[in-house]
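Single-structure report; data block below.
Numbering (this note's numbering), first residue to last: 1457 to 1779.
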């Protein structure tokens, strides 16, 4: 019906926007991108007559993000946290698919590749992906770089809800050095709250900066070892624009971690830091698909197991690449 209406009213912008959203829900990538381009072209034509309002500017960015998002199949990411002094311990776990919940390291590094199988696979509006990652840490050694205990993980990640950041995953983990670590199957649930719309870390086309926040929850069950682990992290930050596609982001966060293996262990920490965020790769119709973040964080551990008082104030370098 909408297609027939569009033939009769080919220049109706509201109808074109609706067709873009409907085809997105149907996971019809070519049609979604076609109508998204028509919306962007219409807004560009309006800009030739009169300057765009902030609302129009935001709408144009949203449809450029839609055009990029529906066309994405592969995502590559690299995340690392490097402790600057011996005894430093950090979880490095505050994003979907990050370090294992509940665990702490001086330094941690992870490289992941994800392929989106498609939407509407098990439920209407869901998203199903397969992924593989390699990760390593510093273990109990005094080394600075994350080169110990290398592991691989291959799994299935399911986002059952269209409008909520909530993921379920099953992952098979294997040690890569044949000596340390044990193979296991991890069941994982993770979610983010309070970081949608104007509070997100997505680039904001209007204004000189924006406030962002995120409550990240992560829990895992290791089947063979019968271990449970969890993390809760709340962060607030301010993105100050310093150039087109770049922000300086001072932030603060608090984190609680738990780990149950026969007995229960836990840690609570707080941190303040600053990141330099760089978005790259935009085209006329695609919003920035890539993001690089470089930062430094000062961290204080309020409570931890087997960590001396003198080791509770630490600094970390952080690196994040989303491609």
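For glycine and all other residues, C-beta sits at the position ideal for the given N, C-alpha and C.
Query: In angstroms with no decimal places, state the Cα-to-Cα distance between residue 1687 and residue 1712.; Result: 6 Å
Query: Which term fits residue 1740, buried or exposed, when burial requires 16 or more other beta carbons within 10 angstroms of its beta carbon?; Result: exposed
Query: Would you call residue 1503 buried or exposed, if buried means 16 or more other Cβ atoms sit within 10 Å of its Cβ?; Result: exposed
Query: Could you check the C-alpha separation between residue 1625 and residue 1592 for me, to the nearest Å?; Result: 20 Å
Query: On a Cα-Cα basis, can you pick out the residue from 1631, 1692, 1666 and 1659 that is closest to residue 1649?; Result: 1692
Query: From residue 1498 to residue 1469, what does the alpha carbon distance come to, in whole angstroms?; Result: 7 Å
Query: Name the DSSP beta bridge partners of residue 1693, please?; Result: 1668 and 1707
Query: For residue 1723, report the span of its beta strand (DSSP E) as first-last.; Result: 1719–1736
Query: What do you get for residue 1530, buried or exposed, if any count of 16 or more other CB atoms within 10 angstroms of its CB means buried?; Result: exposed
Query: In whole angstroms, what separates the C-alpha of residue 1715 from that of residue 1682?; Result: 11 Å
Query: Among 1492, 1665 and 1520, which has the Cα closest to the Cα of residue 1700?; Result: 1665
Query: With residue 1472 as the anchor, note down where its alpha helix (DSSP H) starts and where it stops.; Result: 1469–1481
Query: Should residue 1756 be labelled buried (16 or more other beta-carbon atoms within 10 Å of its own) or exposed?; Result: exposed
Query: Candidates 1749, 1723, 1678 and 1720: which alpha carbon is nearest residue 1731's?; Result: 1749
Query: In terms of residues, what are the limits of the beta strand (DSSP E) holding residue 1523?; Result: From DSSP, residue 1523 is part of no beta strand (DSSP E) but of the alpha helix (DSSP H) over 1510–1527.
Query: Could you have a look at residue 1498 and say whether DSSP puts it in helix, strand or coil?; Result: helix
Query: Going by DSSP, what residues sit across from residue 1575 in a beta bridge?; Result: 1583
Query: Bridge partners for residue 1777 per DSSP, in chain order?; Result: 1534 and 1748
Query: Can you find at least 3 beta carbon pairs, one from the segment 1606–1623 and one from the segment 1576–1595, that sit closer than 8 Å?; Result: yes
Query: From 1566, 1646 and 1569, pick the residue whose C-alpha is nearest to that of residue 1672; which is it?; Result: 1646
Query: Assign residue 1476 to one of two classes, buried (16 or more other C-beta atoms within 10 Å of its C-beta) or exposed (fewer than that).; Result: buried
Query: I'd like to confirm the pairing. Which residues does DSSP put opposite residue 1644 in its beta bridges?; Result: 1625 and 1676
Query: Taking C-alpha atoms, which residue in 1600, 1601, 1622 and 1629 lies nearest to residue 1611?; Result: 1629
Query: Mapping the DSSP letters down to three states, classify residue 1548 as helix, strand or coil.; Result: Confidence in residue 1548 is poor, its pLDDT being 48 and thus under 50, which makes the residue's placement unreliable; the coordinate value appears in the next sentence. Correct three-state label for residue 1548: coil.
Query: Counting only the same chain and skipping the five closest in sequence on each side, list residues whose C-beta sits under 8 Å from that of residue 1472.; Result: 1462, 1491, 1494, 1495 and 1498
Query: Relative to the ligand SAM, is the shortest distance from any of its heavy atoms to the C-beta of residue 1696 smaller than 7 Å?; Result: You won't find the ligand SAM in this model; it holds no ligand whatsoever.
Query: How far does the beta strand (DSSP E) with residue 1605 in it extend, from its first residue to its last?; Result: 1604–1615
Query: Quick one, are the C-beta atoms of residue 1773 and residue 1538 less than 8 Å apart?; Result: yes
Query: Quick one: residues in its chain with C-beta nearer than 7 Å to the C-beta of residue 1483, no 5 flanking neighbours on either side, listed in chain order?; Result: 1574, 1575 and 1576
Query: According to the neighbour-count rule (16 or more other Cβ atoms, all chains shown, within 10 Å of its Cβ), is residue 1653 buried or exposed?; Result: exposed
Query: Apart from the five residues just before and just after residue 1776, which ones in its own chain have a Cβ nearer than 6 Å to its Cβ?; Result: 1535 and 1749
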